[in-house]
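Enquirer: If you read the sequences in order, they're chains A and B.
Residue numbers for the first sequence, in the working numbering: 188 to 468.
Residue numbers for the second sequence, in the working numbering: 188 to 468.
Ideal Cβ positions, reconstructed from N, Cα and C, are used throughout, including at glycine.
Structure in structure tokens, see below.
2 protein chains.
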Amino acid sequence: MATSPERPIGVFDSGVGGLTVLSAIRQRLPHEALVYLGDTARVPYGTKSPASVLRYAAHAADALLARDIKLLVVACNTASAVALPALQARLDPLPVVGVVTPGAMAAVAFRRGGRHLVLATESTTRQRAYTAALQALDPAAEVEELPCSLFVALAEEGWTEGPIATAVAREYLSFLDRRPAARRPHTVILGCTHFPLLHGPISTVLGKDVAVIDSATTAAAAVAVRLREHDALTPASCPGALQLIATDGAARFARLGSAFLGEAFTETDIELIDIHPTDRD
Amino acid sequence: MATSPERPIGVFDSGVGGLTVLSAIRQRLPHEALVYLGDTARVPYGTKSPASVLRYAAHAADALLARDIKLLVVACNTASAVALPALQARLDPLPVVGVVTPGAMAAVAFRRGGRHLVLATESTTRQRAYTAALQALDPAAEVEELPCSLFVALAEEGWTEGPIATAVAREYLSFLDRRPAARRPHTVILGCTHFPLLHGPISTVLGKDVAVIDSATTAAAAVAVRLREHDALTPASCPGALQLIATDGAARFARLGSAFLGEAFTETDIELIDIHPTDRD
Chain A
188 MATSPERPIG VFDSGVGGLT VLSAIRQRLP HEALVYLGDT ARVPYGTKSP ASVLRYAAHA
248 ADALLARDIK LLVVACNTAS AVALPALQAR LDPLPVVGVV TPGAMAAVAF RRGGRHLVLA
308 TESTTRQRAY TAALQALDPA AEVEELPCSL FVALAEEGWT EGPIATAVAR EYLSFLDRRP
368 AARRPHTVIL GCTHFPLLHG PISTVLGKDV AVIDSATTAA AAVAVRLREH DALTPASCPG
428 ALQLIATDGA ARFARLGSAF LGEAFTETDI ELIDIHPTDR D
Chain B
188 MATSPERPIG VFDSGVGGLT VLSAIRQRLP HEALVYLGDT ARVPYGTKSP ASVLRYAAHA
248 ADALLARDIK LLVVACNTAS AVALPALQAR LDPLPVVGVV TPGAMAAVAF RRGGRHLVLA
308 TESTTRQRAY TAALQALDPA AEVEELPCSL FVALAEEGWT EGPIATAVAR EYLSFLDRRP
368 AARRPHTVIL GCTHFPLLHG PISTVLGKDV AVIDSATTAA AAVAVRLREH DALTPASCPG
428 ALQLIATDGA ARFARLGSAF LGEAFTETDI ELIDIHPTDR D
């Protein structure tokens, strides 16, 4: 692998949300070539059976392998929770980085034996993947997971600041105000790829005493570490190309995705592919 | 058909939203037996291809036919827009009622040559089914369709009244304030099965000069008309049984659905079936 560090990093998500992870990787590693695959024909993964998620993730990984990637980032929380070991086995010796473990590592690094509050979608909180990852790293960690579905809708609608976003964050988090200080969390983990867009109102409501951990940024840091371990960082002379692929709905992908990536792009910048040739829908 | 009016009415939706239609039918026709099928394994239909929606709708109709229904209500806006003619042909001579046409008929009845504003999901507004139905009934009708995705999230979160719901309604509808009275709509059609839950805040923001048309209530009225036409109304001596079927996630279906139905039920009240035996997801 060390022989061709110019190969791209592959980033895979069920939809546009993983573009926040892509954006964090670009900021951290601006010289890397990146290829992003949003499986928009199948979004959301969170309501699908584990067997289906495993199958979709394998298809997506294969499609990115065909682009000669040197590392795979599973930016989807559901796929990270369900399919990471299977993908690691399938792609071995290629490194595969998920979003759950890096976020959990950052939270535990901030505070051992700490109290952690995970904000995520309903399906992610039901999987308890962050609880498992946090307690594997630190058995003394106390973890709560809180479903915050409306944050997804706010992010997709582009209502990421202003009074409505703040009121929604306050409504979800007001239960913390009724707790004694000794029961409040030390960290709040943004455990959904959409939630970094709402970092502002969430942080405002939580105040300065809570560390807000963004699993997009921590995943990007984990990517940098893994590439360094494999001696596969792209030289600083490289321009850092970006390729966007979706499996359906390029217009919606471009409209929503620009905010998630933090950079405008249009439908014509997206390559549409079919990665489920044996499925009929 | 007139020989067994005690047969149930079948109501089909992609998820829990159609329970608002079921609720309206129960209020209108309390003696009817009802069987509801939520295709929760496939929700949402709005992002699926028309070919897939046609296939899912056919499977759902067949599953309800197996329960000996006397009339099918397609409570899903996407399926109504895409699959109604195909379902009518498939089930003929059984009557099939969608949600789009009854809402359009009520709006046109309220005001011929009127201005109509349709609030719906992004996928429904993209299909322009309400525009087509309104202008088929009244070529002089002026129609706008406005995607209001956050209403879906609010309804599913149970935040259907209070300052956040009102602020969201105000944000979506504030563009009307900037219009001269002569350009404001005569009717606002709630073109998503979730939106009747937000009738309160939407009506508050619109004020008294706009007629809010709820496509659940208008669909229920259409069902009553069709049963009367077919001489298939259940006698008033019947108790009005209710059967709930889902294709996945009974716990979530019960938790969300109780608010949509306006009556508490639990997971154990739901029959889980598999209506896509040839699909692998």
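Please return the same chain residues whose Cβ sits closer than 6 Å to the Cβ of Q430 (chain A), not counting the five positions on each side in sequence.
Expert: V222
Enquirer: Rounded to whole angstroms, what is the Cα-Cα separation between F452 (chain B) and L443 (chain B)?
Expert: 10 Å
Enquirer: So R415 (chain B) is in the alpha helix (DSSP H); what residue range does that whole segment cover?
Expert: Looking at the DSSP string, the run of the alpha helix (DSSP H) that includes R415 (chain B) is S402 to E416.
Enquirer: Tell me which residue opens and which closes the alpha helix (DSSP H) that E450 (chain B) is part of.
Expert: Run containing E450 (chain B): none; DSSP gives neither H nor E here.
Enquirer: From the DSSP output, read off the bridge partner residues of R261 (chain A).
Expert: In the sequence on display, residue 261 (chain A) carries Val and not Arg. Within the DSSP secondary-structure output, V261 (chain A) pairs in a beta bridge with A:F199.
Enquirer: List, in order along the chain, the chain B residues whose C-beta lies closer than 8 Å to that of L337 (chain A)?
Expert: Residues of chain B passing the Cβ test: L337, A340, L341, E344 and W346.
Enquirer: Please confirm if the segment 195 to 206 of chain A is in contact with the segment 242 to 261 of chain A, defined as three or more CB-CB distances below 8 Å between the two stretches.
Expert: yes
Enquirer: Quick check on S210 (chain A): buried or exposed, where buried means 16 or more other Cβ atoms within 10 Å of its Cβ?
Expert: buried
Enquirer: Using a Cβ distance threshold of 8 Å, determine whether the segment 308 to 322 of chain B contacts the segment 220 to 236 of chain B, with at least three qualifying pairs required.
Expert: Short answer: they touch.
Enquirer: Does A406 (chain B) come within less than 8 Å of chain A when only Cβ atoms are used?
Expert: no
Enquirer: Could you tell me how far apart the beta carbons of A268 (chain A) and Q314 (chain A) are, in whole angstroms, since I believe they sit closer than 8 Å?
Expert: 5 Å
Enquirer: Determine, for E454 (chain B), whether the minimum Cβ-Cβ distance to residues of chain A falls below 8 Å.
Expert: No, no contact with chain A.
Enquirer: Measure from the C-beta of V355 (chain A) to each C-beta in chain B and report whether the shortest distance is under 8 Å.
Expert: Put simply, the CB of V355 (chain A) is near chain B, with a gap under 8 Å to one of its CB atoms.
Enquirer: Alpha carbon to alpha carbon, how far is V399 (chain B) from L271 (chain A)?
Expert: 48 Å
Enquirer: Using 8 Å as the Cβ pair cut-off and three pairs as the minimum, do the segment 336 to 346 of chain B and the segment 363 to 373 of chain B touch?
Expert: no
Enquirer: Apart from the five residues just before and just after L337 (chain A), which ones in its own chain have a Cβ nearer than 8 Å to its Cβ?
Expert: V355 and Y359
Enquirer: Bridge partners of P334 (chain B), per DSSP?
Expert: Answer is B:A307.
Enquirer: Taking the alpha-carbon positions, what's the T318 (chain B) to E331 (chain B) distance?
Expert: 8 Å
Enquirer: Look at the Cβ atom of A411 (chain B), then the Cβ atom of H218 (chain B), and state whether they are nearer than 8 Å.
Expert: no
Enquirer: Name the residue from A:L393, A:D418 and A:D226 whose alpha carbon lies nearest to the alpha carbon of I457 (chain A).
Expert: A:D226
Enquirer: Can you tell me whether I351 (chain B) sits near the ligand PLP, meaning its C-beta is under 7 Å from at least one heavy atom of the ligand?
Expert: Ligands in the displayed structure: none, and consequently the ligand PLP is not present.
Enquirer: State the CB to CB distance for the pair F482 (chain A) and V203 (chain A), rounded to an integer number of angstroms; the pair is presumed to be in contact (CB under 8 Å).
Expert: Given that chain A is displayed from residue 188 to residue 468, the structure contains no residue 482 (chain A) and the question cannot be resolved.
Enquirer: Given that I351 (chain B) touches chain A, what residues does it touch there, using C-beta distances under 8 Å?
Expert: Under the 8 Å cutoff, chain A gives I351, A354, V355 and E358.
Enquirer: Which same chain residues end up closer than 6 Å to A407 (chain B) when comparing Cβ atoms and leaving out the 5 residues on each side of it in sequence?
Expert: A211, I212 and R215
Enquirer: Alpha carbon to alpha carbon, how far is L385 (chain A) from P334 (chain B)? Give it in angstroms, no decimals.
Expert: 21 Å
Enquirer: Rounded to a whole number of angstroms, what is the C-alpha to C-alpha distance between G436 (chain A) and C379 (chain A)?
Expert: 21 Å
Enquirer: Let me know the secondary structure DSSP gives R229 (chain A) once reduced to three states.
Expert: DSSP places R229 (chain A) outside both helix and strand once states are collapsed to three, so it counts as coil.
Enquirer: Measure the alpha-carbon distance for P264 (chain A) versus D200 (chain A) and round it to whole angstroms.
Expert: Note on identity: in this sequence residue 264 (chain A) is Asn, with Pro being the wrong assignment. Taking the straight line joining both Cα atoms gives about 8 Å.
Enquirer: Can you round the beta-carbon distance between D461 (chain B) and T421 (chain B) to whole angstroms, since I take them to be within the 8 Å contact cut?
Expert: The Cβ separation is near 30 Å, so there is no contact.
Enquirer: Which of the three DSSP states is assigned to A253 (chain A) in this structure?
Expert: coil
Enquirer: What residue range is occupied by the uninterrupted alpha helix (DSSP H) comprising T434 (chain B)?
Expert: DSSP places T434 (chain B) in no alpha helix (DSSP H); its state is neither H nor E.
Enquirer: Would you list, in chain order, the members of the segment 219 to 233 of chain A that have their beta-carbon closer than 9 Å to a beta-carbon of chain B?
Expert: T227, A228, R229, V230 and P231
Enquirer: For the beta strand (DSSP E) that I462 (chain B) lies in, which residues bound it at each end?
Expert: Here I462 (chain B) belongs to no beta strand (DSSP E), and DSSP marks it neither H nor E.
Enquirer: How would you call R366 (chain A), buried or exposed, if buried means at least 16 neighbouring beta carbons within 10 angstroms?
Expert: exposed
Enquirer: Just list the residues that DSSP pairs R302 (chain A) with in beta bridges.
Expert: A:E329
Enquirer: Along the beta strand (DSSP E) that carries L377 (chain B), what are the first and last residues, could you check?
Expert: For L377 (chain B), the uninterrupted beta strand (DSSP E) segment begins and ends at T374 to L377.
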